[in-house]
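Encoded as structure tokens, the structure appears first; notes follow it.
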Amino acid sequence: MSYTNYFYVYNKSTRYPLTKTLVDPSQKYKVMAQTASWGYARTTRYTSRSAEMDNIIFDLDLFITQSQSNAGATSNPRMSRPQAWAKNIVGVGGFRHYNNTNPADDCWCRSGSTGPAQDGGVGVTLAAYYDSIRTTGYSSSSYTTGFGGTSGATPIINGYGQIAIQMFTEGMFGHPKAPDWRQRFAYKPHFTTTKCLLTATSRQLPLNRATRVQQGYGFPSMQDLYDLRNNMLVLDELDVLRQGQSRTYYVWVKPGTKEFRSVMHHADPPGNPAVTRRRINSLNMKVTDPNGVSYWGQHGLMNSLTSTPGGVRDDVEVHEHVILTNPPAGVWSVEVQAEAIRQDSHKETPQVDADFALVVRGIGGGRDKTGAKLDLISSAPGDFRVSLTGLPAGWTSGYTLFSLSTKRPVAMGNVFGLEADDLTLAILSTPPSRGNVFAFTNGGGSVYPGAPYRFPAEIALLLRGRTIDGVAFVVDGRGRIVAASSVDRVTIR
């Protein structure tokens, strides 16, 4: 982590060159996170300094936290550092924890500066302790038990962000693991993904103790981030959309799931300080449950801890959420729509397009192997076997879907983690029959899936060297999907 040196930036009147050097892969620093507990004169507006911060984060792809400020006890608690109004920043508010370990008495209680932003957005992203923070000072003898304000809350949130980055580079969310600590920089997530990981697993304070604009999406939980690591779809800007395009992901929610969240962030170019609207591009998120009930990102969340059905597209936030408790089991869809791409935000392609990070929490299948589990096995030339275990009772038929589209990390595709291709669609059109590995009925323990399926050796030899992904699902007599398996990948020997 780097902290932003107050005097250096003020003397240079810009933060961009310093930050650019810190993230230059040819330099020794290779910084993956930055924080600032100071800023320019407080304001309620999106200013040129806000736009500068958006430009830094957008161009340099760095996870940055910024203290909101400490105007909670003033006549205008919205007064915040201009950098905190940037769209791509993690703006940090505060709440009082009263120097104890009991979260039940935590409250905003006129502490940190708050939202909303000038365009009605939440403003604050996350919040942390405002009071009684134990920390070191500027010398070996300046330890204190009384640090506070959003100046103290902000590095706490930044530290949690760094833990999320470390977990990502350890491969805990299904992406490639850095070979060793010296190479983490090359394997780090985009800032959008880090931000989504934190807010997808945060714990919210009750609204009577901290409103949405006071706490943002709450306090990060590293326990939940770790415990749910295999129950999340974590897309690190894997998909790109042009104007009018959309991308839908189908995920499986198991019975008994306590909470479902879908969080999307798209990196947005700096806004125009002369207008009220901060957002440039319009990417929207829509979630639909197994009963056909739809939830637009952000709808209802300003006045509730959970989302409200229906609504309309949100055209304010670049960081959108759907939050639901006790979600019904079954197939959910998460759709990201590119309503308007007014400015290119995916510089890697010549087209005017945009990418996004997406984290969906509370799902089974994918990388979760605690339920139905699919194994693809090839241990020698001519050997290709399929095993499906852990199926629930009551199913009547099912499908084993295969795909040759394997450029993504495993379980990062659009159908239960599989990236569907023409082979997948062809299998879905196959009528189920007893022992058919592609489309099967519940035929007992002697045939697939009751027993592993072995492809004929000549088929395995034809596929030699090909990498194949697979996922399976089963349905009951009413045609409802009752389980989806983990995704597996094999390269045929």
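Residues in the sequence shown are numbered consecutively from 713, following the working numbering. The beta-carbon is built from N, C-alpha and C at its ideal position, and this holds for glycine as well.
Quiz item: DSSP three-state call for GLU1029: helix, strand or coil?
Solution: Assigned with DSSP and collapsed to three states, GLU1029 falls in coil, not helix or strand.
Quiz item: Thinking just about the alpha-carbon of each residue, which of ARG959, LEU772, MET744 and THR826 is nearest to the one in ARG754?
Solution: For the residues ARG959, LEU772, MET744 and THR826, the minimum Cα distance to ARG754 belongs to THR826.
Self-check item: As assigned by DSSP and simplified to three states, the class of SER1145
Solution: The answer is strand: DSSP assigns SER1145 an E or B state.
Quiz item: So, helix, strand or coil for ASP1065, using DSSP?
Solution: DSSP, read as helix, strand or coil, puts ASP1065 in strand.
Quiz item: When the Cα of LEU1116 is compared with those of LEU1103, ASP1134 and GLY1102, which residue comes out closest?
Solution: Ranking LEU1103, ASP1134 and GLY1102 by Cα distance to LEU1116 puts ASP1134 first.
Quiz item: Among residues of its own chain, excluding the 5 on either side of GLN830, which ones have a beta-carbon nearer than 7 Å to its beta-carbon?
Solution: Only THR756, ARG757, TYR758 and THR988 meet the Cβ criterion.
Practice problem: Mind checking which residues open and close the alpha helix (DSSP H) that includes GLY871? | Solution: Membership of GLY871 in the alpha helix (DSSP H) is indicated by the continuous run 861-881.
Practice problem: From the DSSP output, read off the bridge partner residues of ASP1087. | Solution: For ASP1087, the pairing in a beta bridge is given by DSSP as SER1099.
Quiz prompt | Touch test, the stretch 772-790 against the stretch 730-743, Cβ-Cβ under 8 Å, three pairs minimum | solution = When C-beta atoms of the stretch 772-790 are compared with those of the stretch 730-743, three or more pairs fall below 8 Å, so the two segments count as touching.
Quiz item: Skipping 5 residues on each side, what residues in its chain have a beta carbon closer than 6 Å to that of VAL1127?
Solution: Excluding its 5 nearest sequence neighbours in each direction, VAL1127 has C-beta neighbours in its own chain below 6 Å: TYR962, listed in chain order.
Exercise. Would you mind giving the Cβ-Cβ distance between MET765 and ILE801, rounded to the nearest angstrom? I have them listed as a contact below 8 Å.
Key: The distance from the Cβ of MET765 to that of ILE801 is about 6 Å, consistent with a contact at the 8 Å cut-off.
Self-check item: Beta-carbon contacts of SER863 that lie in its chain and below 6 Å, excluding the five residues immediately before and after
Solution: Excluding its 5 nearest sequence neighbours in each direction, SER863 has C-beta neighbours in its own chain below 6 Å: SER749 and SER779, listed in chain order.
Quiz prompt | Host beta strand (DSSP E) of TYR899 (start-end) | solution = Going by DSSP, TYR899 is part of no beta strand (DSSP E) but of the alpha helix (DSSP H) stretching over 896-899.
Self-check item: Secondary structure of SER762, DSSP reduced to three states
Solution: Residue state, collapsed to three classes: helix.
Quiz item: Which of the three DSSP states, helix, strand or coil, is assigned to TRP797?
Solution: Reduced to three states, the DSSP call for TRP797 is helix.
Self-check item: Through-space distance from PHE859 to VAL975, alpha-carbon basis
Solution: Approximately 32 Å between the Cα atoms of the pair.
Exercise. From the DSSP output, in three-state form, read off ALA1138 for me.
Key: Here ALA1138 sits in helix by DSSP.
Quiz item: Which term fits LYS724, buried or exposed, when burial requires 16 or more other beta carbons within 10 angstroms of its beta carbon?
Solution: That one is exposed.
Practice problem: Indicate whether the contact test is met: 3 or more Cβ pairs, each with one atom in the stretch 935-952 and one in the stretch 1035-1045, closer than 8 Å. | Solution: No: the two stretches stay apart, fewer than three of their Cβ pairs being nearer than 8 Å.
Self-check item: Rounded C-alpha distance that separates PRO815 from LEU1173
Solution: Looking at the two C-alpha atoms, the distance is approximately 60 Å.
Quiz item: Based on Cα-Cα distance, which residue from LEU909, SER1141 and LYS742 lies nearest to ALA1069?
Solution: It is LEU909.
Quiz item: Could you give the C-beta distance for THR1018 and THR1118, rounded to a whole number, given that I count them as a contact under 8 Å?
Solution: Wrong, their Cβ atoms sit about 37 Å apart, outside the cutoff.
Exercise. Give the secondary structure of THR951 by DSSP, where H, G and I count as helix, E and B as strand, and everything else as coil.
Key: The displayed chain sequence assigns Asp, not Thr, to residue 951. Strand at ASP951.
Practice problem: Take the Cβ of SER1197 as the centre, count every other Cβ of all protein chains shown within 10 Å, and call the residue buried at 16 or more, exposed below. | Solution: Looking at its Cβ environment, which holds 16 or more other Cβ atoms inside 10 Å, SER1197 is buried.
Exercise. Leaving aside the five residues before and after VAL1199 along the sequence, list all residues of the same chain whose C-beta is less than 8 Å from its C-beta, in chain order.
Key: Cβ neighbours of VAL1199 beyond the five flanking positions: GLY1077, GLY1078, ARG1079, LEU1086, VAL1122, ALA1123, GLY1125, PHE1128, GLY1129, LEU1130, ASP1181, GLY1182 and VAL1183.
Quiz item: Taking the Cβ atom as the reference point for each residue, do ALA979 and THR904 lie within a distance shorter than 8 Å?
Solution: Note that the C-beta distance between ALA979 and THR904 is below 8 Å.
Self-check item: Local conformation of PRO1161 per DSSP, three classes
Solution: In the three-state DSSP reduction, PRO1161 falls in the coil class, being neither helix nor strand.
Quiz item: Does the stretch 996-1011 touch the stretch 1041-1054, meaning 3 or more C-beta pairs lie closer than 8 Å?
Solution: The stretch 1041-1054 makes contact with the stretch 996-1011, as at least three CB pairs between them are under 8 Å.
Quiz item: Should TRP893 go down as buried or exposed, given a rule of 16 or more other Cβ atoms within 10 Å for buried?
Solution: Classification of TRP893: exposed, given that the 10 Å Cβ count is below 16.
Self-check item: Runs of alpha helix (DSSP H) wholly within the stretch 885-949 (minimum 4 residues, chain order)
Solution: Taken in chain order, the whole alpha helix (DSSP H) runs of length 4 or more contained in the stretch 885-949 are 896-899, 903-912, 924-927 and 934-939.
Quiz item: CA-CA distance, GLY983 and MET884?
Solution: Each residue's Cα considered, the two are about 35 Å apart.
Quiz item: Within 10 angstroms of its Cβ, does TYR938 collect 16 or more other Cβ (buried), or is it exposed?
Solution: Exposed.
Quiz item: Exposed or buried, which one is GLN927 when buried takes at least 16 other CB atoms within 10 Å?
Solution: Buried, by the Cβ-count rule.
Quiz prompt | Residues near ASN811 in its chain [Cβ-Cβ closer than 8 Å; skip 5 each side] | solution = The residues are ASP843 and SER844.
Quiz item: Do the stretch 1060-1067 and the stretch 1142-1155 make contact, defined as three or more Cβ pairs closer than 8 Å?
Solution: With the rule of 3 Cβ pairs closer than 8 Å, the stretch 1060-1067 does not count as touching the stretch 1142-1155.
Practice problem: Return helix, strand or coil for ASN811, following the three-state DSSP convention. | Solution: In this structure, ASN811 counts as coil in the three-state DSSP scheme.
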